Structure formats: structure tokens, C-alpha cells
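Below is one structure, written out as C-alpha cells; comments come after it.
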Ligand code: AHR
């Protein structure tokens, strides 16, 4: 491949990352909670039943916020079922995942788990089978100090201090026909507005997210955002986006190109939100909450894997085993989020444990890192700061990506005529001046000679250079080979005044951290 050149200027900045850009998601779904973060009796479990082997991996992964309890699950959830004495909590059919929900883990246990993990909770309210009334009661239960029925109930349940939850989602994917009590944009816009008003009257400090389209491929995408924001504009802070990249076509170049569609998706939602603002003569800017994103396909279309007969508790569903190729596409998604740090303020990797997750466990056994764990841990630990605007000169290739329209087997086709082989982001730590480069070489067979000019940075020093690659794009991490796909040293990096050169292996994800000599 010919040389790929990049220009980074210290004063060309896209924006500062919000700490909440590095979130994840725990849903009552499969073994996400039961057998995932919570497994009483497990040899690493504490007295609350929290698995500490999982917690150790969560700390290494370093998510900053955690969305809960769904997802599709929340659209049929009665939050009251999950609080109070555990032996009195009801078992219920969960129609989202055709399972039985035992409710032995609920809101208060989740908050305790977040505190232990030092993660900010992000709660979703049920605007499917319920409405603003249940939402305001949950908020009063969580955030009101005391002296009212709901807040005193929390105290009786053993949580004297308010949970003080700041981030809230007004429902989940309310346009999806798979959702319990799907809504039209008008119906949802109205109910979300009324819920938001009441919630803010109780606690004006909260931040609220309205549901955007379930995916960019939905036939109503665009019109949905427009109408929902016309209703909710004055009452919410964020609009949500969800994307799951697939490789149904078994087309690795398209899989690796697909994160570029996330860039277009973000830019389209920004345009719609700002056009609503313009029509309202408002200078307010609605920010974006990308509160579900990942690669997901193997366990998505196969209904046998999505629902097991007999209404089981915590069935082994959506347990996607991620490959090396998936990790590359996933890394591309991290780069897309960073390069839109000016508008995407919240994002949640969906999900955390077992269910389309970076962490896998065996019930009663060990926990290990999936391939996608590694790009996320690097993105979260080293991607915080000022995102620099990279001017990239890279050869390109053409790809065709096919995305299902929600849950049906009808595809939208996205031709991508000019995909740069290099996808990258660069983030400067404002405290130390260190610059971290995240770089994806999407060429499957050729190494990439990368030449970065760092204007205004002086002579860089190398802190660390890591690559994620494997000779087999289908390689995975398993219980018996948990480190099969893991980062190794990237050796071929050279530095000169205002310059960094490296050779990136074919089909590789790379992180290069450069310190600054002041
Ligand atoms: O993350 C899995 C599911 O994907 C969520 O429950 C839903 O919101 C989305 O469709």
C-alpha cells in the first residue's frame, strides 16, 4: 500500500469527550444479570451476590456509566416488582425475551452494584405498558430525600440516602414493532413530554433522553426524530441512537467499512435536531446519546437462540462469540464516537456481560475477555480528552453493506464507494499533553505505512504502542483460550520532531500513545 499521511494540528479540535461517552448497558436479558454481574453462591460472590471476578474485569474495561434495566425488557417492567424484601417479589413473564423474571435483582441492587464498581447509573423508565405516572413514582423513590410515601418506602427498604440518579431514558425503541406497546411518533412524543415534565418537577437536576429510531434502517427514520423532537424539544437533553453492525453477508471488507455509516447516522441526527431547533428559533442544542452500539448478528436473526421454550429464568440467549474481525469493526465504532465528541455526549456499549458482551462468564465458573473487550478498554482508558481533527490522506476501497430493517428480513443497502483503508481518531489528554492515536488498518492483506505529522506538538516520545491482530479473522477467545486474541506490542514505530511513523499490520486495530517533551 502507498504511504498513508495524516496531519494533526494541536489547535484543530473536534471537541472534548464527555466522561459519559464510555458507558455500557445491563439489561434483564439472558445471563446479563443472573449469572453475569449477579450470581449468589459463586465462589467470587460477595454477600450481595455480586461476582467479583466480573467486577475486576469491569474495572479493567472501565465503563463510566451503566444503562439499566433495558432495552426491550423495560417496556413491560414494573419497577415496584424489583424492590422490597426479596422473598416477597413476584415472578413475572418477560415478553421481551420470553423468559421468567424472578426479580431477585432490582433497582436498589443495581445502584449498589454501580457504587461498588464506581459507575454512574443511567435508568430507563417504562413508557411501553406504563406512562409518566410510574416514571415519576420511580424518580421520587430514587431521588427524593424522604417524607413522602415513595421516598420513605426506599428508606424502609434499607436505602436511607437518595440514589441521586441524574441520567434517565424515556422508554426504549418505542418505534419498534417488537416493543411492548409500540407507539407512533405522535403518541410517544406526547407521553415522553408529559413524563419528562413531571420527572423534572420532582428533580430539576436530572438529564433526559428521548427515544430516537431503533435503527437508522427503520422506514420511519428521520421523520420519527423530527416529530418526537418537535414534542419533546424543551423537555429533553438528548435523543438516542442505536446501531448493531452485522456481517450476515460474510463480507469482511463491508463489516470493516460499516462504522463509517455510524458517522453518517450521527451527522443526520444532528442535522434533524438542529433543524427542529431552527424551526423553534432556539439556540438550544440537543445532544446525542448513542445508548446502544455494538456488532451483533449471529444470535440476532436466529429465533431459536433468541427465545428458549418453557419460559426459563436467565436462558443462554444472545451469547454472541466475537471474532477478530468483529473486534476490528467494533474498534471502528469507537473511532466514530470519538470523532463526534462535540455532539455525542453519552454512549453505551450494548451490553456488558454474556449478552452481546465484552465479558463472558460460565455460571459457576470463570469469566474472560471477548475480542471486543480490548478496543473498548483502550478507548475508555485512553480516549478521554480533546479529540483532534485528523486530516487523512489514505487510499480507499469500495464496499456494500446491508442492514436489516429492525427485526424483519428486509435489508437496506448502503453502497460505500470510497472507504479509506485508515480509520483513525487522535485524542489529546489536556492534563499531560499526551496524544493517543487509535488507528484501524482495514486492508485485509497489506501492511499500512503510516506517517503522521504532529504540528505544534514538538518531539513526541513513545509511551506505549499496542496492536490487536490475528492471522485468522475468525479467531475468538474462549474459556480454554481466553487470550487467543489480545493486544501485543506494535514494534515498528519511529519518532522525529513533529512526526510519527509506524507500519500497521493488515487487518489490525492499533493504539499508539505519545508523550510530549515540553
Ligand atoms: O441490546 C439488545 C436489544 O437490542 C435491546 O433490548 C433493544 O433495545 C435492542 O433492540
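Numbering (our numbering), first residue to last: 4 to 521. Built from N, CA and C at the ideal position, the CB exists for glycine as well. Quick caveat, the model's predicted, so the values are computed rather than measured.
Does any heavy atom of the ligand AHR sit closer than 7 Å to the C-beta of residue i?
i: residue 354; result: yes
i: residue 63; result: no
i: residue 31; result: no
i: residue 176; result: yes
i: residue 359; result: yes
i: residue 161; result: no
i: residue 295; result: yes
i: residue 75; result: yes
i: residue 45; result: no
i: residue 416; result: no
i: residue 217; result: yes
i: residue 343; result: no
i: residue 524; result: With the chain running from 4 to 521 in the structure shown, residue 524 is simply not present.
Using a Cβ-Cβ cut-off of 8 Å (strictly less than) and excluding sequence neighbours within five positions of residue i, which residues of its own chain qualify?
i: residue 3; result: Nothing in the structure corresponds to residue 3, since the chain is present only between 4 and 521.
i: residue 464; result: 498, 517, 518, 519, 520
i: residue 206; result: 142, 146, 147
i: residue 539; result: One cannot answer for residue 539 here, as it falls past the ends of the chain, which runs 4 to 521.
Near residue i, what residues of its chain come up, given a Cβ to Cβ distance below 7 Å and the 5 sequence neighbours on each side ignored?
i: residue 392; result: 15, 16, 17
i: residue 53; result: 40, 41, 116, 119
i: residue 45; result: 54, 367
i: residue 222; result: 408
i: residue 89; result: 107
i: residue 255; result: 328, 447, 476
i: residue 365; result: 482
Is residue i buried or exposed, if buried means 16 or more other CB atoms sit within 10 Å of its CB?
i: residue 96; result: exposed
i: residue 63; result: exposed
i: residue 475; result: exposed
i: residue 161; result: exposed
i: residue 164; result: exposed
i: residue 430; result: buried
i: residue 458; result: exposed
i: residue 412; result: exposed
i: residue 492; result: exposed
i: residue 484; result: exposed
i: residue 198; result: buried
i: residue 246; result: buried
i: residue 354; result: buried
i: residue 208; result: exposed
i: residue 136; result: exposed
i: residue 524; result: There is no way to answer for residue 524, as the model of the chain reaches only from 4 to 521.
Which value, in whole angstroms, describes the spacing of the CA atoms of residue i and residue j?
i: residue 114; j: residue 394; result: 43 Å
i: residue 386; j: residue 118; result: 23 Å
i: residue 259; j: residue 335; result: 7 Å
i: residue 43; j: residue 37; result: 9 Å
i: residue 512; j: residue 85; result: 41 Å
i: residue 264; j: residue 216; result: 15 Å
i: residue 212; j: residue 294; result: 10 Å
i: residue 333; j: residue 452; result: 22 Å
i: residue 401; j: residue 112; result: 48 Å
i: residue 419; j: residue 5; result: 21 Å
i: residue 35; j: residue 159; result: 28 Å
i: residue 188; j: residue 450; result: 48 Å
i: residue 489; j: residue 363; result: 15 Å
i: residue 507; j: residue 446; result: 10 Å
i: residue 390; j: residue 11; result: 10 Å
i: residue 404; j: residue 270; result: 18 Å
i: residue 124; j: residue 468; result: 33 Å
i: residue 290; j: residue 57; result: 32 Å
i: residue 235; j: residue 177; result: 14 Å
Would you please state the rounded distance, in angstroms, between the beta carbons of residue i and residue j? I believe it to be under 8 Å.
i: residue 99; j: residue 183; result: 7 Å
i: residue 168; j: residue 241; result: That belief does not hold up - the Cβ atoms of residue 168 and residue 241 are roughly 15 Å apart, past 8 Å.
i: residue 151; j: residue 143; result: 6 Å
i: residue 20; j: residue 341; result: 7 Å
i: residue 536; j: residue 320; result: Any answer about residue 536 is impossible in this case: the structure gives the chain only from 4 up to 521.
i: residue 243; j: residue 278; result: In fact, because the Cβ distance is near 18 Å, the residues do not count as touching under 8 Å.
i: residue 382; j: residue 28; result: About 16 Å separates the two Cβ atoms, so there is no contact after all.
i: residue 130; j: residue 173; result: 6 Å
i: residue 273; j: residue 346; result: 5 Å
i: residue 406; j: residue 417; result: 6 Å
i: residue 440; j: residue 375; result: About 20 Å; that fails the 8 Å criterion.
Excluding the 5 residues preceding and the 5 following residue i in the sequence, name in chain order all residues of the same chain whose CB lies nearer than 6 Å to its CB.
i: residue 421; result: 399
i: residue 500; result: 462
i: residue 301; result: 323
i: residue 219; result: 268
i: residue 8; result: 396, 454
i: residue 326; result: 477, 479
i: residue 166; result: 114, 145
i: residue 94; result: 103, 105
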